[in-house]
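Okay, so the sequence shown: first residue is 1 according to UniProt numbering, each after it adds one. Below is one structure, written out as structure tokens, with a few remarks after it.
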Amino acid sequence: MTRILTAAILAIIVSACSSKLHIPTYQTSNTVAHANDELSIQYLGVGGHLMRYKGAALMTAPSFTNPHFLRVGPLMPISSDTETVDRYMPPADDVSMILVGHAHYDHLMDVPHVMNTQAKNADVYGSETMKNSIMSKVDKNRIHALNDLLGDNNAAGQWVYNKDRSIRIMGLKSSHAPHFMGITFMRGEYDKPRESLPWHAFGWKEGQTIAYIIDFMDAENVAYRVYYQDSASQQPAGLVPDIADGKAIDIAILCPASFAQVDDYPESVMASTEARHFILGHWEDFFSNDPAGKQRFVRATSQDDFMERFRAALPATSSWAMPELFSTQYFNHQGLIN
1 MTRILTAAIL AIIVSACSSK LHIPTYQTSN TVAHANDELS IQYLGVGGHL
51 MRYKGAALMT APSFTNPHFL RVGPLMPISS DTETVDRYMP PADDVSMILV
101 GHAHYDHLMD VPHVMNTQAK NADVYGSETM KNSIMSKVDK NRIHALNDLL
151 GDNNAAGQWV YNKDRSIRIM GLKSSHAPHF MGITFMRGEY DKPRESLPWH
201 AFGWKEGQTI AYIIDFMDAE NVAYRVYYQD SASQQPAGLV PDIADGKAID
251 IAILCPASFA QVDDYPESVM ASTEARHFIL GHWEDFFSND PAGKQRFVRA
301 TSQDDFMERF RAALPATSSW AMPELFSTQY FNHQGLIN
């Protein structure tokens with residue numbers, strides 16, 4: 001294991017020099033007035049997105065703590081940098097649901113602090129491993145495991161609603177792309193609650209990886225449908241089943257990181273969702289990342305290769321964005337506004 005980790009770290013160091021290309025990012029214009037019936041999606045970095053529609057708000061797991069890559073082995077202690085979280089986390093009192101795609105540290109480690117400080121009215125949804133990883137720090141009644149409710153590419157899963165039924169979600173079985181040379185680090189599950197949060201990166205086990213269908217509701221009708229995943233997936237994992245209500249997917253959020261470690265990604269998910277707009281999340285280098293600084297493409301991933309394949313698969317009628325940190329995109333029923 002030590003040799004594997006050393007090889008992986010060396011590969012990351014070498015690849016760190018390969019992402020010097022211009023990054024076409026999307027940044028919000030603050031001069032545009034927006035209507036109440038628009039959906040807004042703010043990018044928080046890594047897998048985090050804050051979505052709002054008519055007073056309803058949902059967040060995918062935010063991550064602001066970015067330990068140096070030399071600290072993410074199985075022996076170095078890491079923990080949530082609560083000062084950084086408090087500095088950059090937007091107001092989230094209106095958030096009712098937080099979605100966790102998988103339970104690695106870069107998706108889950110900051111969630112307990114966010115739930116106890118900024119998003120006190122939110123429940124969190126994810127895998128059984130996610131639940132057991134954070135139960136020592138978050139009220140168990142606010143944590144929901146979806147393993148038994150998941151759909152897959154062949155069959156829809158069960159809808160789960162927030163308390164006022166303004167948002168509903170469906171979890172889909174997905175998978176996590178290998179990190180390096182076919183190796184996926186931090187695999188495994190927790191089948192019972194931990195007595196404390198994991199203290200090193202390898203303690204944050206992946207668990208069942210989940211993609212999500214997110215519906216923002218107008219009464220009993222779906223106003224906007226969003227597809228979300230926080231890891232590149234090996235098809236057929238992560239593909240969308242027939243949901244049978246005839247509602248198309250308006251926005252699909254994809255993950256460039258580690259895309260080359262699986263086959264037919266992002267093409268398979270793009271074809272499955274047929275979204276009108278695509279958002280590239282988890283695109284930036286998050287090792288020792290300064291949210292206030294200039295961002296570069298994620299290490300060990302070829303930006304050129306990903307963008308060539310992504311653009312080739314992009315439907316002629318679809319738009320796309322790779323958003324800058326903390327920028328917000330707005331959508332109406334005709335598509336992207338700004």
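Glycine is no exception: its CB is placed at the ideal position from the N, C-alpha and C atoms. As the structure is a prediction and not an experimental result, all values here were calculated from the model.
Check, Outcome
"Option nearest proline 62 by Cα separation, candidates Gly281, Ser302, Lys294", "Gly281"
"Contact check, alanine 312 vs phenylalanine 259, beta carbons under 9 Å", "no"
"Runs of beta strand (DSSP E) lying entirely within the segment 140 to 169, each at least 3 residues, in chain order", "143 to 145"
"Coarse secondary structure for methionine 97, derived from DSSP in three states", "strand"
"Simplified DSSP state of lysine 131, which is helix, strand or coil", "helix"
"Three-way DSSP call (helix, strand, coil) for glutamate 284 in this model", "strand"
"Rounded separation between isoleucine 337 and phenylalanine 331 - CA only", "5 Å"
"Stretch pair the segment 250 to 259 + the segment 290 to 307: three plus CB contacts closer than 8 Å", "yes"
"Option in Leu172, Ser133, Asp139 with minimal Cα separation from glutamate 189", "Ser133"
"DSSP three-state assignment for proline 112, whether helix, strand or coil", "helix"
"Cβ-based neighbour list, alanine 81, same chain, cut-off 6 Å, excluding 5 preceding and 5 following", "Checking the sequence shown, residue 81 turns out to be aspartate, not alanine. Thr65."
"Three CB pairs or more closer than 8 Å across the segment 127 to 147 and the segment 78 to 92", "no"
"Extent of the continuous beta strand (DSSP E) run through tyrosine 330", "328 to 332"
"CA nearest to the CA of lysine 54, picked from Arg165, Gln234, Val100", "Arg165"
"N-terminal and C-terminal residue of the alpha helix (DSSP H) that threonine 60 is part of", "No alpha helix (DSSP H) holds threonine 60; the beta strand (DSSP E) holding it covers 56 to 60."
"Terminal residues of the alpha helix (DSSP H) in which tyrosine 88 lies", "82 to 88"
"Neighbourhood of alanine 232 by C-beta, 6 Å cutoff - its chain only, sequence neighbours within 5 removed", "Ala177, Cys255, Ser258, Phe259, Val262, Tyr265"
"Sequence-distant residues of its chain with Cβ nearer than 7 Å to glycine 47 (five each side left out)", "Thr60, Ala61, Ser63, Gly101, His107, Asp230, Gly281, His282"
"Serine 174 versus isoleucine 243: straight-line alpha-carbon distance, rounded", "17 Å"
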